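Numbering (our numbering), first residue to last: -4 to 169. These notes concern the structure reproduced below.
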């Protein structure tokens, strides 16, 4: 029984790689817009001689709902999103509003075009057979079908192929 599970997981991992390659090609052909992936750079220095928090670009990806897909087929879970704009003055509003302002400011200090969408604090999604079989992340298996968990509830899963097709269509139309 375990060998059958291993074979199914290996077949699903291979099918997943093929699906991601096909999705990348379709997004490229349709001219779907990509967003910039970034990492937060902490201040460096000491005392009053510190640099400010900023963001540095590390790549580009298509945002497909809860997933970010890079051109090489790497999948990430969507983390946080901001725009690279110089924010207005602090307004003393809620902590979350001021945090979003600080995030926009950090992005504006990076090498991004004004107004560019920046995805950061994202996590890599494992695509290997073992991870798919365990199903502990966003992706899991039902037989040889790869499922994606698109919401927090247990029933909020659907086949990844259909999910990517829907999200790619929305991105291209959008």
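Backbone N, C-alpha and C fix where the C-beta goes; we use that ideal spot for every residue, glycine too. Nothing here was measured: the structure is a model prediction, and the numbers come from that model.
Rounded to the nearest angstrom, what separates residue i and residue j at their Cα positions?
| i | j | result |
| --- | --- | --- |
| residue 119 | residue 80 | 26 Å |
| residue 103 | residue 41 | 23 Å |
| residue -4 | residue 126 | Residue placement at residue -4 cannot be trusted, given a pLDDT of 47 that sits under 50; what the coordinates show is reported in the next sentence. Approximately 18 Å, taken between the alpha carbons. |
| residue 31 | residue 70 | 14 Å |
| residue 38 | residue 47 | 5 Å |
| residue 113 | residue 94 | 15 Å |
| residue 49 | residue 68 | 27 Å |
| residue 155 | residue 111 | 28 Å |
| residue 16 | residue 147 | 27 Å |
| residue 72 | residue 89 | 27 Å |
| residue 75 | residue -2 | 39 Å |
Within 10 angstroms of the Cβ of residue i, are there 16 or more other Cβ atoms? Answer buried if so, exposed if not.
| i | result |
| --- | --- |
| residue 77 | buried |
| residue 106 | exposed |
| residue 117 | buried |
| residue 101 | buried |
| residue 22 | buried |
| residue 18 | buried |
| residue 134 | buried |
| residue 163 | buried |
Name the residue from the options whose alpha carbon lies nearest to the alpha carbon of residue i.
| i | options | result |
| --- | --- | --- |
| residue 64 | 121, 36 and 43 | 121 |
| residue 34 | 115, 131 and 82 | 115 |
| residue 167 | 20, 91, -2 and 92 | 20 |
List the endpoints of the continuous alpha helix (DSSP H) containing residue i.
| i | result |
| --- | --- |
| residue 164 | 155 to 168 |
| residue 58 | Element bounds for residue 58: not the alpha helix (DSSP H) but the beta strand (DSSP E), 49 to 59. |
| residue 62 | Residue 62 -> not in any alpha helix (DSSP H); beta strand (DSSP E) instead, spanning 62 to 64. |
| residue 124 | 124 to 129 |
Return the first residue and the last residue of the beta strand (DSSP E) that residue i is part of.
| i | result |
| --- | --- |
| residue 92 | Premise fails: residue 92 lies in the alpha helix (DSSP H), 90 to 103, not in any beta strand (DSSP E). |
| residue 67 | No beta strand (DSSP E) contains residue 67, which DSSP labels as neither H nor E. |
For the ligand ZN, is there any heavy atom lying closer than 8 Å to the beta carbon of residue i?
| i | result |
| --- | --- |
| residue 70 | Absence of the ligand ZN is noted for the structure shown, with no ligands found whatsoever. |
Next item on the list: Determine, using beta-carbon pairs with one atom in the stretch -3 to 5 and one in the stretch 21 to 31, whether at least three such pairs fall under 8 Å.
Entry: Touching, no.
Worksheet item: Do the stretch 41 to 60 and the stretch 158 to 167 touch if we need at least three Cβ pairs shorter than 8 Å?
Response: Taking 8 Å as the limit for Cβ pairs, the verdict is that the stretch 158 to 167 does touch the stretch 41 to 60.
The stretch 10 to 18 contacting the stretch 139 to 156, beta-carbon criterion three pairs below 8 Å: Yes, the stretch 10 to 18 touches the stretch 139 to 156.
Practice task
Would you check if there are 3 or more beta carbon pairs closer than 8 Å linking the stretch 126 to 139 to the stretch 91 to 109?
Solution key: Here the stretch 126 to 139 makes no contact with the stretch 91 to 109; the two share fewer than three CB pairs at distances below 8 Å.
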